[in-house]
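In the numbering used here, the protein residues as written are 7 to 125.
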């Protein structure tokens, strides 16, 4: 069983071949892009346009996987699958609030903030 982290620096460095400057730039872009992508997804979820919302969640999942946001990645993985169902049984308000909390937790994480400010 692997330990899932909110922010895994080893994963981030792996994708940038240990380049801390590039890692910080990638992370900075993620912190800017993820909230906007989520806003688009949540609007579509509220409109019951689940398949379109799944596309935005997929984008967040890709970013999360690249920057080492393991908890967010795992949540996106399950959320994307739920949204791909024709009529998800999951309460959409709960889905949105859970995603929002996870994104906020990642973006406010002190290790994430320190990583971006160090470079």
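Note that beta-carbon positions come from the ideal geometry of N, C-alpha and C, so glycine has one too.
In this text the structure is predicted, and so the values were computed from the model without any measurement.
Tell me the DSSP secondary structure of residue 53 in three-state form. coil
Cα-Cα separation, residue 88 to residue 94: So the two alpha carbons sit approximately 6 Å from each other.
For a test of the three-state rule: what should DSSP assign to residue 74, helix, strand or coil? coil
Just to confirm, is the Cβ distance from residue 13 to residue 68 under 9 Å? no
Could you round the C-beta distance between residue 108 and residue 78 to whole angstroms and report it? I think they count as a contact, below 8 Å. 5 Å
Are residue 72 and residue 18 touching if we call contact CB-CB under 9 Å? yes
Could you spell out where the alpha helix (DSSP H) holding residue 15 opens and where it closes? Here the alpha helix (DSSP H) through residue 15 covers 15 to 21.
Relative to the C-alpha of residue 42, which residue among 115, 110 and 90 is closest? 110
Looking only at its own chain, which residues have a Cβ that is under 6 Å from the Cβ of residue 58, when we skip the five neighbours before and after it? 50
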